[in-house]
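What follows is a short report on a single structure.
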Amino acid sequence: KQEVTQIPAALSVPEGENLVLNCSFTDSAIYNLQWFRQDPGKGLTSLLLIQSSQREQTSGRLNASLDKSSGRSTLYIAASQPGDSATYLCAASRGSQGNLIFGKGTKLSVKP
Amino acid sequence: GAGVSQTPSNKVTEKGKYVELRCDPISGHTALYWYRQSLGQGPEFLIYFQGTGAADDSGLPNDRFFAVRPEGSVSTLKIQRTERGDSAVYLCASSFLGTSADEQFFGPGTRLTVL
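Chains W and C, in that order, give the protein sequences. All the letters of the first sequence, read from the start, carry residue numbers 1 to 112 under the working numbering. All the letters of the second sequence, read from the start, carry residue numbers 1 to 115 under the working numbering.
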């Protein structure tokens, strides 16, 4: 059974710092790995999707990597801003139909 | 529409009552997913539709939960005999083809509170 874990549960950093959020999964037979952002009381916003055949994806200040052999993915945020404050969720696709298994998230706070 | 919409945004009901939650996916998206998110947890998969049919309902917790998508667009999640443990945010997502290569777009969710 696939389990997704995110560490740390919460992170507070000063503005401008580069930071890394970690995600681990127990079953390497994933179809993709997605990172989402969730603001309080809101739905999820997709940030990056990495296919199982890919190693990384980049979008602006965000870079996500995937290492299936070790069961890990990282989300790198460069030059963090207060507007980056949110909960970041990673999710592994449990099948070809895209059904997702989520971690509990990392709550990020960027202090001005 | 421009994004996935869900109604109502909030629903308060009493234990034992029946509720319906509605999801309007992005126009043209064939795949629709329902997830449930409890406080402090990540979303948990409930059911997946491809067109009008439920392709995977393995996440539905019990037979009190049922979902339909009669015309392949709008979906309704139905919960019978609600229990306090059903309180959560119910999220709906849609994607273009429903494959693992497709990005899922989420709605804002319906917060269900069972008193």
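All C-beta atoms, glycine included, are put in the ideal place defined by N, C-alpha and C.
Bridge-paired residues (DSSP) for residue i
i, result
"P14 (chain W)", "W:K111"
"E44 (chain C)", "C:R36"
"F65 (chain C)", "C:I79"
"A91 (chain W)", "W:Q34, W:F102"
"D56 (chain C)", "C:Y48"
Euclidean distance between Cα positions of residue i and residue j
i, j, result
"C23 (chain C)", "T76 (chain C)", "6 Å"
"Q41 (chain C)", "F65 (chain C)", "20 Å"
"L39 (chain C)", "A67 (chain C)", "23 Å"
"V4 (chain W)", "G53 (chain C)", "28 Å"
"T26 (chain W)", "S12 (chain W)", "27 Å"
"T13 (chain C)", "R55 (chain W)", "46 Å"
"Q57 (chain W)", "D57 (chain C)", "31 Å"
"P8 (chain W)", "G28 (chain C)", "38 Å"
Proximity test, Cβ basis, 8 Å: residue i and chain B
i, result
"P108 (chain C)", "The structure shown contains no chain B; its protein chains are W and C."
Residue i, buried or exposed, once every other Cβ within 10 Å from all chains shown has been counted against 16
i, result
"Q6 (chain W)", "buried"
"Y18 (chain C)", "exposed"
"V20 (chain W)", "exposed"
Backbone secondary structure at residue i - three-state DSSP
i, result
"R61 (chain W)", "coil"
"D39 (chain W)", "coil"
"D24 (chain C)", "strand"
"D67 (chain W)", "strand"
"R84 (chain C)", "helix"
Check each residue of the region 44-68 of chain C: if its Cβ is closer than 8 Å to any Cβ of chain W, include it; give the result in chain order. E44, F45, Y48, Q50, A55, D56, G59
Q | Residues from the region 30-42 of chain C in contact with chain W, defined by Cβ distance under 8 Å | A | A31, Y33, Y35, G40, Q41, G42
Interface residues of the region 86-99 of chain C facing chain W [CB-CB below 8 Å]: L91, A93, S95, G98, T99
Using a beta-carbon distance cut-off of less than 7 Å, what residues from the region 69-94 of chain W approach chain C?
L89, S93
| message | For the region 33-44 of chain W, list every residue whose C-beta sits within 7 Å of some C-beta in chain C, in sequence order. | response | K42, G43, L44
**Message:** Counting only Cβ-Cβ distances shorter than 7 Å, please list the residues of the region 1-28 of chain C near chain W, keeping chain order.
**Reply:** none
For the region 1-25 of chain W, which residues have a beta carbon sitting closer than 7 Å to at least one beta carbon of chain C?
-> With the criterion set as a beta carbon lying under 7 Å from some beta carbon of chain C, the region 1-25 of chain W has no members that meet it.
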